[in-house]
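See structure below.
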Amino acid sequence: MASAPSSNATGFHCPNPNFTIKLVPSGEIFRVRKYRLTSGSNVFADMFGVCDDNDDGDGLEQEVEIHESPQLFGIFLRILHDDVEGIKDEPLVEDIADTEEQGEGSPEDVFGEARPTIPTTKVPERNLPPLIPYPILRRLFDLGDKYNVSPPISKVLESHLLRNTPDHPWEVYTYAWSIGLQTVAAQASAHLLSKPMHKYTMEEISQLPSLEAYHRLVLLHAYRVQRLQELLKTEEIFPHGYQKCLKHGDQTQQLWASRKMHASFAIKPDTDVAAEMALLKGSFAACKSCDAGCERAIAMLKYKCSKVPRTIDRLPKSM
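Quick note: the sequence shown, position 35, residue 87 per the working numbering, numbers continuous.
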């Protein structure tokens with residue numbers, strides 16, 4: 053007969069428990085499914101054995117004591133008991149690499165191996181669980197390492213780490229790099245474009261696990277500024293005289309060139325170059341030809357700039 057649902061003060065809930073875990077020294081009781089523990093953790097599998105769980109049985113009289121914090125362990129048990137089968141074969145982030153420049157051939161993996169390259173942080177859409185805050189997540193990674201969790205459980209933790217990137221980009225970048233999560237580290241680098249590298253304190257820089265982790269960010273910032281300036285410099289409002297206004301064309305080209313020069317000096321790694329040039333739009337409202345030329349040039353500039361790498365794994369392999 054199936055056991056009654058079990059829950060406790062930590063929020064962990066198991067519908068049909070068949071095993072009991074008691075935490076020491078708190079005395080907190082967790083009633084769990086043994087199969088969920090053994091399938092999600094190699095340590096639990098070795099501890100309990102992988103073949104002695106009967107999901108139809110009631111073994112609540114079986115109890116094991118574990119030294120852990122109740123709140124953290126409750127979250128850990130929730131992850132082990134969640135249905136991860138539906139996400140274990142999905143990519144951590146969606147592969148939309150074709151939207152960026154390829155550089156000199158296919159971009160080289162900065163970590164020394166071939167792998168998908170993704171320009172923006174985007175978790176595949178599905179019914180995502182509530183986000184685990186970054187400080188708690190770090191401790192869960194330690195717990196996952198301690199209990200040697202299975203790949204599907206590791207992927208759940210990595211997904212939460214990726215989702216923390218917008219709010220904690222520096223912390224996620226440094227931590228992901230330090231534990232070898234290359235895809236997550238690369239995604240975090242896209243959120244580190246707005247702050248100049250010289251603005252980081254020595255304390256923050258010391259959090260990086262290697263000089264390469266720092267150097268790749270420096271290269272990303274420098275490369276984006278260089279490429280954005282190059283694209284802006286070569287973008288003309290009437291390329292090769294195409295649909296140039298006979299009446300105002302020369303004056304319009306001068307205004308465009310002047311604005312380009314001003315915008316070029318102000319380009320930063322996160323600058324929206326097309327938006328900077330769009331400030332000219334109102335200047336040509338009286339002439340349909342000049343206004344149309346401005347719209348076309350801005351649209352082309354926006355497209356070209358969108359293909360400039362925003363992550364460290366998209367840098368040309370020659371860098």
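The C-beta atom is built at its ideal place from N, Cα and C for all residues, glycine as well. These figures come from a predicted structure and were not determined experimentally.
Collapsing the DSSP output to three states places F100 in a helix. If you compare the alpha carbons of Q303, A242, V360 and R362 with that of G345, the shortest gap goes to Q303.
Secondary structure at V201: strand, using DSSP grouped into helix, strand and coil. Following the DSSP letters along the chain, one finds K74 inside the beta strand (DSSP E) bounded by residues F71 to L75. A Cβ-Cβ distance of about 7 angstroms is found for the pair V236 and V224, placing them in contact under the 8 angstroms criterion. According to DSSP, residue pairing for E115 in a beta bridge involves T72.
Remark: C-beta atoms of N94 and S230 do not approach each other more closely than 8 angstroms. Pairing L272 with L183, the inter-Cα distance amounts to about 29 angstroms.
Rounded to whole angstroms, the gap between the alpha carbons of I205 and H119 is 21 angstroms.
Between V360 and R279, the gap from beta carbon to beta carbon is short of 8 angstroms. For the 8 angstroms CB-CB criterion, G126 and F64 form a contact.
Closest by C-alpha distance to K285, out of I319, F71, P248 and T72, is I319. Look at I81 here: in three-state DSSP terms it is strand. Taking a 10 Å sphere around the C-beta of E328, we find 16 or more other C-beta atoms and assign the residue as buried. Listed in chain order, the beta strand (DSSP E) elements of length 3 or more contained wholly in the segment 191–256 amount to none.
In this structure, DSSP gives S358 a helical state, which the three-state scheme calls helix.
Pairing D365 with L245 gives a Cβ-Cβ distance that is not under 8 angstroms.
Per DSSP, the unbroken alpha helix (DSSP H) holding F317 starts and ends at G301 to F317.
Segment contact: the segment 307–315 against the segment 255–266, fewer than three CB-CB distances shorter than 8 angstroms; contact not assigned. A distance below 6 angstroms between beta-carbons, with the five flanking residues on each side excluded, links F96 to the following residues of its chain, in chain order: L89 and T90. Residue pairing by DSSP places S93 opposite V201 in a beta bridge.
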